[in-house]
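Residue numbers (the numbering used here): 5 to 106.
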């Protein structure tokens, strides 16, 4: 949505999400981040994950309010979709594929 180098860390939000499985959790997490963009005009640059399981995540998100003079918004995300969603276990962690409605 934006070049991360242009985003400062003036704001922070504690974000908690729960869902019945890791696919639903990913959708819930990304939808929550999208809510902050839409409702509070916040862009996040960095996340400090406090805890994560297959069904919950707690993290602190750092970023700032959208400043149209400094932030060149490339595109807007309308929604997070379940279409073609896949989370795969790899030798180094998890790999996810998800599509956004833009």
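Note that the Cβ used here is the ideal one computed from N, Cα and C, for glycine as well.
For the region 53 to 60 against the region 75 to 94, do three or more pairs of beta-carbon atoms, one drawn from each stretch, fall closer than 8 angstroms, so that the two count as touching? no
Close-in-space but distant-in-sequence residues of the same chain around residue 52 (CB under 7 angstroms, 5 per side omitted): 63, 64
Please report how far the alpha carbon of residue 23 lies from the alpha carbon of residue 33, in whole angstroms. 9 angstroms
Thinking C-alpha only, which one of 10, 31, 76 is nearest residue 102? 31
Among the candidates 105, 106, 104, 99, whose CA atom is the shortest distance from the CA of residue 26? For residue 26, the closest alpha carbon among the candidates 105, 106, 104, 99 is that of 99.
Helix, strand or coil for residue 105? Go by DSSP, reduced to three states. strand
Report the rounded CA-to-CA distance for residue 81 versus residue 40, giving the unit in angstroms. 12 angstroms
Taking the alpha-carbon of residue 20 as reference, which of 35, 8, 12 has the nearest alpha-carbon? Residue 35 is the option with its Cα nearest to residue 20.
Could you have a look at residue 59 and say whether DSSP puts it in helix, strand or coil? coil
Alpha carbon to alpha carbon, what distance is there between residue 90 and residue 50? 24 angstroms
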